[in-house]
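J.: With the numbering used here applied, the sequence shown closes on residue 329, and no number is skipped along the way. Glycine residues also receive a C-beta, built at the ideal position from the N, C-alpha and C atoms.
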Amino acid sequence: MSDNIEKTLEDLWRENLQNFPFKGYINPARKSAYCAMPAMLYSHVTKDAKILDFGCGPLDKTFMFKSLTKNLYAFDTLKDTWHTVDNNDEKIKSYGRQSGIHFIDTFEEIGAHEYDVIMLHDVIEHFHDSPRTLLNTLTSYLKPGGLLVLTVPNAGNIRKRIHLLLGKTNYPRYGYFYWYPGKWDGHVREYVRGDLDALVSYLGLYKKDLRTFHIHLDILPPSVRSLWRFVSTFMPNTRDSFYLIAEKPKGWEPRLKPTDEEFSSSFGRQYFSKFLDIRQIDWT
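#1: Compare the Cα-Cα distances from Y251 to each of E292, Y219, E51, I326 and report the closest residue.
#2: Count the other C-beta atoms from every protein chain shown that fall within 10 angstroms of the C-beta of T184, then say buried if there are 16 or more, exposed otherwise.
#3: Going by DSSP, name the residue or residues bridged to Y251.
#4: Report yes if the C-beta distance between L123 and T114 is below 9 Å; otherwise report no.
#5: Among the residues of its own chain, which have a CB less than 8 Å from the CB of D254, if the five just before and after it don't count?
#6: What residue range does the beta strand (DSSP E) around I163 cover?
#7: Runs of 3 residues minimum, wholly inside the segment 137-201: which ones carry the beta strand (DSSP E) assignment?
#8: Tell me the DSSP secondary structure of N49 in three-state form.
#9: If I measure Cβ to Cβ from F67 and keep anything under 7 Å in the same chain, skipping five residues before and after, which residues do I get?
#10: Using the Cβ count rule (16 or more neighbours within 10 Å means buried), how would you classify R284?
#11: Please report how far the alpha carbon of S144 lies from the alpha carbon of L321, in whole angstroms.
#12: Would you call D121 buried or exposed, if buried means 16 or more other Cβ atoms sit within 10 Å of its Cβ?
#13: Could you tell me which uninterrupted beta strand (DSSP E) segments, each at least 3 residues in length, are contained entirely in the segment 263-321, listed from first to last along the chain?
#14: Which runs of the beta strand (DSSP E) fall wholly inside the segment 69-110 and span at least 3 residues, in chain order?
#15: Taking F152 as the reference, which of D263, G100, K92 has the closest Cα?
#16: For N116, list the residues DSSP reports as bridge partners.
#17: Under the rule that 16 or more other beta-carbon atoms within 10 Å means buried, what is V168, buried or exposed?
#18: Suppose the cutoff is 7 Å on Cβ atoms and the five residues either side in sequence are ignored; what does the same chain contact list for T257 look like?
#19: In terms of alpha-carbon separation, which member of D161, H166, N132, D93 lies closest to I260?
#20: In whole angstroms, give me the CA-to-CA distance for K188 and Y223.
#21: Buried or exposed for G191, please, with buried defined as at least 16 other CB atoms from any protein chain shown within 10 angstroms of its CB.
#22: Taking contact to mean 3 or more Cβ pairs, one atom from each stretch, closer than 8 Å, check whether the segment 200-214 and the segment 229-248 are in contact.
#23: So does the segment 262-270 actually touch the segment 73-80, counting three or more Cβ pairs closer than 8 Å?
#24: If you count every other CB in all the chains shown that lies within 10 Å of the CB of R177, and 16 or more means buried, which is it?
#25: Verify the CB distance criterion: does N202 have a CB-CB separation below 9 Å to chain D?
#26: Within the same chain, show all residues whose beta-carbon is closer than 7 Å to that of K92, passing over the 5 residues directly before and after it, in chain order.
#27: Use the C-beta contact count for A81: other C-beta atoms within 10 angstroms, 16 or more gives buried, fewer gives exposed.
#28: Hey, how far is the Cα of R218 from the Cα of L211?
#29: Looking at the secondary structure, which residues open and close the alpha helix (DSSP H) in which I260 lies?
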């Protein structure tokens, strides 16, 4: 990574902290993650790339991708519980206008553009349904050679492994789930490396990069963070998050239905699989 992009990210980080409308939302201890996410994409895009951040939330991470392009788009329904109170959804849109980010609030408008990059950062782990239809649709909005970029939590990170060994849960705190207002919007399905390899294969994409990185170092005492960074270089699959970059090949076509082999390997161990007929299932 060049010194120029590092300086740009440093400047954007300070500007984001200063101007972000929800004080205390951005944890300064996560600075390295906020900077790493655009930095990992830097060598894969041109300066004029049209980038869409799908499921952008309050634009705190989107803002950092101004280091890569001026053609930055963002989409979110802004229906999370905290988005709908105190006029927070309008504050988010206002921050987008102030920051030069083109905010899109209808799915139809997404399809009016063709993108070089579509990103989903910490999004698909919240889905109650398969991401199959959405990811095929979004990929269809990419230019040939365009990139699908995903950030997801690592279901096998070191904290979860230790918690399970101690008889604790690897899910979010039960009180958070039990008292959650309305439909649960926390993590439903987290991912390991093999899941993401399978996802790329099912979508018919070409994997350009798949790596782990740290987002949640802030849960560790400051004195331990540098040590854990060093140790995790020898055990990369124990870091807390994955970063995937996959390329749309020329001639790509959406595929919502599995092959017979994929169906058998995916459903074959289910006790009800013998009652399913792949030809009679609606895969749309």
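T.: Put simply:
#1: E292
#2: buried
#3: E292
#4: no
#5: M85, H89, Y288, L289, I290
#6: 160-166
#7: 147-149, 160-166, 187-198
#8: helix
#9: P103
#10: buried
#11: 51 Å
#12: buried
#13: 286-292
#14: 95-99
#15: G100
#16: K95
#17: buried
#18: N199, P281, N282, R284, S286, F287
#19: H166
#20: 43 Å
#21: buried
#22: yes
#23: yes
#24: buried
#25: Looking for chain D here will not work: only one protein chain is present.
#26: T114
#27: buried
#28: 15 Å
#29: I260 -> no alpha helix (DSSP H), and no H or E assigned at all.
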